[in-house]
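Residue numbers for the sequence shown follow the working numbering, so the first one is 21 and each next one is one higher. Notes for the one structure printed next.
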Amino acid sequence: MLSIDGSYGEGGGQIVRTAVALSVLTQQPIEINNIRAGRPNPGLRPQHYTALSCIREICDADVDGLSVHSIKLKFTPRNIKPGTYTFDVGTAGSMTLVFQACLLSMLHTSAPLTIRLRGGTDVRWAPSWDYFAHIFLPLISKIGIKTEVKLIKRGYYPTGGGETELTIHPVEKLHMFSACESQNFTDINGIIHRANLPDHISTRMKHAAIKTAMKQNFRAMIQIDAAPSSSSGTGITLWSAAGPTILGSTVLGEKTVSAEKVGETAAHN
Numbered sequence: 021m022l023s024i025d026g027s028y029g030e031g032g033g034q035i036v037r038t039a040v041a042l043s044v045l046t047q048q049p050i051e052i053n054n055i056r057a058g059r060p061n062p063g064l065r066p067q068h069y070t071a072l073s074c075i076r077e078i079c080d081a082d083v084d085g086l087s088v089h090s091i092k093l094k095f096t097p098r099n100i101k102p103g104t105y106t107f108d109v110g111t112a113g114s115m116t117l118v119f120q121a122c123l124l125s126m127l128h129t130s131a132p133l134t135i136r137l138r139g140g141t142d143v144r145w146a147p148s149w150d151y152f153a154h155i156f157l158p159l160i161s162k163i164g165i166k167t168e169v170k171l172i173k174r175g176y177y178p179t180g181g182g183e184t185e186l187t188i189h190p191v192e193k194l195h196m197f198s199a200c201e202s203q204n205f206t207d208i209n210g211i212i213h214r215a216n217l218p219d220h221i222s223t224r225m226k227h228a229a230i231k232t233a234m235k236q237n238f239r240a241m242i243q244i245d246a247a248p249s250s251s252s253g254t255g256i257t258l259w260s261a262a263g264p265t266i267l268g269s270t271v272l273g274e275k276t277v278s279a280e281k282v283g284e285t286a287a288h289n
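Okay, here's the thing in structure tokens:
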């Protein structure tokens with residue numbers, strides 16, 4: 021059994037997600053100690069628990085130490101079972117981080133596999149839903165990973181309640197691609213999401229982002245998504261594609277930060 025020190029580097033949850041995913045891909049049992057030792061609240065959090073529970077069920081793994089706050093985990097994978105699975109993070113924990121772990125784990129699936137999640141779509145310290153759907157997934161499609169995603173409902177901190185769906189298709193062959201060549205980026209696309217907040221917030225954010233982009237000689241086309249949610253929140257994701265490369269930026273709105281500042285920051289990034 022391969023032993024992994026969860027305190028290595030920044031000592032965060034990415035070590036757990038990546039280690040377990042690679043364990044499934046390689047069929048190598050692992051043991052992780054000192055989980056998230058570099059964080060103020062060490063041990064597994066609800067979104068880590070959900071990701072590991074999802075992977076455990078899909079590949080029928082044997083797992084010891086799978087509980088919130090656990091600092092030690094043993095994971096022994098078995099074969100992937102295609103089908104449809106539903107999980108609830110239980111909080112506003114990031115669904116995009118759960119999907120990242122599951123996606124890497126399921127690359128050897130023999131048939132389409134669908135995961136439905138409930139939790140947070142746009143939360144701090146994680147990729148936003150639009151970054152995941154419009155930047156991350158299109159980039160990995162260039163190496164041969166085929167997916168389909170559906171946003172049913174957004175979920176924000178602290179309530180969560182968002183609903184999403186990811187389908188992973190069998191990978192025939194992984195390809196290489198180079199993103200090192202210089203590209204000419206001219207157009208920016210984007211989405212501003214807003215729930216249970218006044219219309220003027222997203223309008224001001226949009227105008228500030230477009231104005232900032234124009235100063236840098238970019239054309240910006242930004243949509244506003246004002247869909248219902250059980251919680252309130254807002255944010256912006258921008259991206260630009262040229263050749264094989266996609267560059268992106270995402271910023272969440274905060275009570276202490278003006279809508280203009282959020283839009284300007286996203287466009288500057």
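Backbone N, C-alpha and C fix where the C-beta goes; we use that ideal spot for every residue, glycine too.
Sorted by chain position, which residues of the same chain lie with C-beta nearer than 6 Å to residue i's C-beta, five sequence neighbours on each side aside?
i           : result
residue 280 : 224 and 228
residue 43  : 50, 95 and 97
residue 167 : 157 and 188
residue 109 : 66, 67, 70 and 139
residue 90  : 63 and 64
residue 111 : 66 and 180
residue 45  : none
residue 35  : 26
residue 93  : 52 and 85
residue 14  : This structure cannot settle anything about residue 14, because the visible part of the chain is limited to 21 through 289.
residue 159 : 266
residue 33  : 56 and 68
residue 136 : 106 and 185
residue 133 : 102, 126 and 188
residue 252 : 215, 216 and 217
residue 245 : 211 and 213
residue 169 : 153 and 186
residue 222 : 212, 214 and 244
residue 208 : 233, 238, 240, 258 and 260
Between residue i and the rest of its own chain, which residues show a CB-CB distance below 8 Å, the 5 nearest in sequence each way excluded?
i           : result
residue 247 : 173, 174, 213 and 215
residue 130 : 100, 102 and 190
residue 249 : 173, 174, 175, 176, 181, 182, 215 and 216
residue 196 : 163
Spatial neighbours of residue i within its chain, please: C-beta separation below 7 Å, excluding the five flanking residues on both sides.
i           : result
residue 288 : 232
residue 194 : 163 and 164
residue 121 : 37, 40, 41, 71 and 75
residue 333 : Here the chain covers residues 21 to 289 and nothing more, so residue 333 does not appear.
residue 47  : 97
residue 285 : 271
residue 77  : 105
Would you decide whether residue i is buried or exposed? Buried here means 16 or more other CB atoms lie within 10 Å of its CB.
i           : result
residue 234 : exposed
residue 183 : buried
residue 22  : exposed
residue 145 : exposed
residue 226 : buried
residue 125 : buried
residue 40  : buried
residue 241 : exposed
residue 255 : buried
residue 60  : exposed
residue 30  : exposed
residue 56  : buried
residue 84  : exposed
residue 104 : exposed
residue 290 : Any answer about residue 290 is impossible in this case: the structure gives the chain only from 21 up to 289.
residue 79  : buried
residue 147 : buried
residue 198 : exposed
residue 263 : exposed
residue 118 : buried
residue 87  : exposed
residue 142 : buried
residue 282 : buried
Bridge partners for residue i per DSSP, in chain order?
i           : result
residue 209 : 241 and 259
residue 167 : 188
residue 51  : 23 and 94
residue 270 : 257
residue 136 : 106 and 185
residue 173 : 183
residue 265 : 262
Mind checking whether the beta-carbon of residue i lies closer than 7 Å to any heavy atom of the ligand SAH?
i           : result
residue 140 : Looking at this structure, you won't find the ligand SAH or any other ligand, since it has none at all.
Taking 8 Å as the threshold (beta carbon to beta carbon), is residue i in contact with chain D?
i           : result
residue 103 : Within the model displayed, chain D is absent; a lone protein chain is all it includes.
**Message:** Taking 8 Å as the cut-off, does the region 261-275 touch the region 152-165 (at least 3 CB pairs, one atom from each stretch)?
**Reply:** yes
Check your understanding: In chain order, which beta strand (DSSP E) runs of at least 3 residues are fully inside the region 67-127?
Key -> 82-84, 92-96 and 104-108
* Can you check the region 176-233 for any beta strand (DSSP E) of at least 3 residues that lies completely inside it and give the ranges in chain order? => 182-188 and 207-215
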